[in-house]
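For the record, in the sequence shown the residue sitting at position 151 is 151 according to full-length UniProt numbering, with numbers rising by one throughout. Glycine is no exception: its CB is placed at the ideal position from the N, C-alpha and C atoms. Small disclaimer: the values here were computed from a predicted structure and weren't measured. See structure below.
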Amino acid sequence: MPPIISISKLSKTYATGHHALKAIDLTIDRGEIFALLGPNGAGKTTLISILCGIVTPSEGEALVDGHDIVRDYRAARSLIGLVPQELTTDHFESVWSTVTFSRGLFGKPKNPAVVEKVLRDLSLWDKKDATIRTLSGGMKRRVLIAKALAHEPRVLFLDEPTAGVDVELRRDMWALVRGLRETGVTIILTTHYIEEAEEMADRIGVISKGELILTENKTDLMTKLGRKQLTLNLQEPLTAVPPQLAGHDLALAKDGSELVYTYDTQGDRTGITGLLTDLAAAGIHFRDLQTKQSSLEEIFVGLVSDRP
Ligand SMILES: Nc1ncnc2c1ncn2[C@@H]1O[C@H](COP(=O)(O)OP(=O)(O)OP(=O)(O)O)[C@@H](O)[C@H]1O
1 MPPIISISKL SKTYATGHHA LKAIDLTIDR GEIFALLGPN GAGKTTLISI
51 LCGIVTPSEG EALVDGHDIV RDYRAARSLI GLVPQELTTD HFESVWSTVT
101 FSRGLFGKPK NPAVVEKVLR DLSLWDKKDA TIRTLSGGMK RRVLIAKALA
151 HEPRVLFLDE PTAGVDVELR RDMWALVRGL RETGVTIILT THYIEEAEEM
201 ADRIGVISKG ELILTENKTD LMTKLGRKQL TLNLQEPLTA VPPQLAGHDL
251 ALAKDGSELV YTYDTQGDRT GITGLLTDLA AAGIHFRDLQ TKQSSLEEIF
301 VGLVSDRP
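Listed below in structure tokens is the structure:
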């Protein structure tokens, strides 16, 4: 089956001259949960806004289920639900009428059964007659999701779904998003929280300064995460890694006073025994050693900060 979203060479230069997106290529499969990670200002919202037709691209194209987001805007947009970052909704309306109204915006005929299902799925049914302003923050977020789902989209964009919410609500939201995927909806979420991507996503994309610098299956990324570092504090500093040790994944740190060995914790062998034997044979002695597991956070920060 063709991907539900295919983006090719998509770029955006704002009127200020700022290149917010630089030739993005990305495809997203049906039923995936895709997390777009990136620091503030990386271009996440710009990318989502282009796909939702809120911002016009400068170059390139994007298709939603085969519909061009510019030439075939209405068809593309009707397949998309967007849950925005900010809680923007009419505080004096009831839950029922605000969600019904959202469906109408897409020209869909009234269908109380669909609205009821959406409200029930989001545990909002017993609040259907409540006015939005009387709801808790968590319930308001659910209403935003209900609004985005009212016209039965196939793709749901969640822009920072759990920004500023407490841990309990965050877990609730994660369960809810997983439940939505079960109904066949493709989910694309942006987040600053690495933990969120780790918990939720099938695939992770990292965006930095307008470039998509990595897209990877989460499980593969976790395998990379399995890497650990062994740091040896040397008795005598080295100027280079001796050629006898070239077979090991080694790097010098702290002006040559530390030798850092990176290894895979998920592999059958760590290679540490061989390294220590080779070190002794090369006459390299150490005073102390530490091991450290690199986190997804560090991998992410490293990826993003290594860029010019
Ligand atoms: N309308 C605009 N005009 C000019 N520059 C803009 C406009 N909208 C966004 N930008 C700039 O484009 C860059 C990308 O912004 P964007 O909102 O897409 O980032 P983001 O990754 O979503 O960030 P955040 O995590 O803070 O929401 C930023 O430098 C931003 O200042």
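Cβ-heavy atom distance, residue i to ligand 1, below 8 angstroms
i: I207; result: yes
i: Q85; result: yes
i: K22; result: no
i: G210; result: yes
i: H285; result: no
i: H91; result: no
i: A280; result: no
i: L144; result: no
Delimiting residues of the alpha helix (DSSP H) encompassing residue i
i: T277; result: 272-281
i: S257; result: Here S257 belongs to no alpha helix (DSSP H), and DSSP marks it neither H nor E.
i: V177; result: 167-182
i: L144; result: 137-149
i: S49; result: 44-51
i: S78; result: 73-78
i: E86; result: Element bounds for E86: n/a, residue is neither H nor E.
i: R103; result: 95-105
i: I194; result: 194-200
Proximity of residue i and residue j at Cβ, strictly below 9 angstroms
i: R142; j: L156; result: no
i: I207; j: L47; result: yes
i: M173; j: V165; result: yes
i: A62; j: S8; result: yes
i: R77; j: G104; result: no
i: R154; j: I80; result: yes
i: L221; j: H285; result: no
i: L119; j: V95; result: yes
i: A253; j: L245; result: no
i: residue 312; j: E216; result: Absent from the structure is residue 312, since the part of the chain shown begins at 1 and ends at 308.
i: T191; j: L36; result: yes
i: D264; j: T219; result: no
i: P237; j: D255; result: yes
i: G137; j: L169; result: yes
i: K228; j: K140; result: no
i: E196; j: L189; result: yes
Other residues of its chain near residue i: CB distance less than 6 angstroms, five sequence neighbours each side excluded
i: A240; result: none
i: D29; result: P3
i: S58; result: S11, K12, T13
7 angstroms Cβ shell around residue i - same chain, five flanking residues per side excluded
i: Q85; result: D159, E160, A163
i: R181; result: G31, I33, I187
i: E152; result: V114
i: G43; result: A20, L21, I207, G210
i: A146; result: V99, V118, L119, L122, L124
i: A148; result: G81, L82, V83, L156
i: Q290; result: T231
i: L275; result: H248, Y261
i: A75; result: H67
Start-to-end residues for the beta strand (DSSP E) that takes in residue i
i: A23; result: 19-28
i: K110; result: Where K110 is concerned, there is no enclosing beta strand (DSSP E), given that its DSSP letter is neither H nor E.
i: F34; result: 33-37
i: F286; result: 286-293
i: I207; result: 203-208
i: L212; result: 211-217
i: E59; result: 59-64
i: I188; result: 186-191
i: Q229; result: 227-234
i: V155; result: 155-159
Whole-Å CB distance - residue i paired with residue j, under 8 angstroms assumed
i: D249; j: T262; result: 5 angstroms
i: L176; j: L122; result: 7 angstroms
i: I132; j: H91; result: 5 angstroms
i: I5; j: V70; result: 14 angstroms between Cβ atoms; not a contact.
Own chain, CB closer than 8 angstroms to residue i, minus 5 neighbours either side, in chain order
i: D129; result: S94, V95, W96
i: G66; result: P2
i: D202; result: E32, I33, F34, N217, K218
Residue i at chain B interface by Cβ criterion, 9 angstroms
i: G137; result: Chain labels in this structure do not include chain B; a single protein chain is all it has.
Notebook entry, point to check: Any residues whose CB sits closer than 6 angstroms to a heavy atom of ligand 3? List them in chain order?
Noted result: Ligands displayed in this structure: ligand 1; ligand 3 is not among them.
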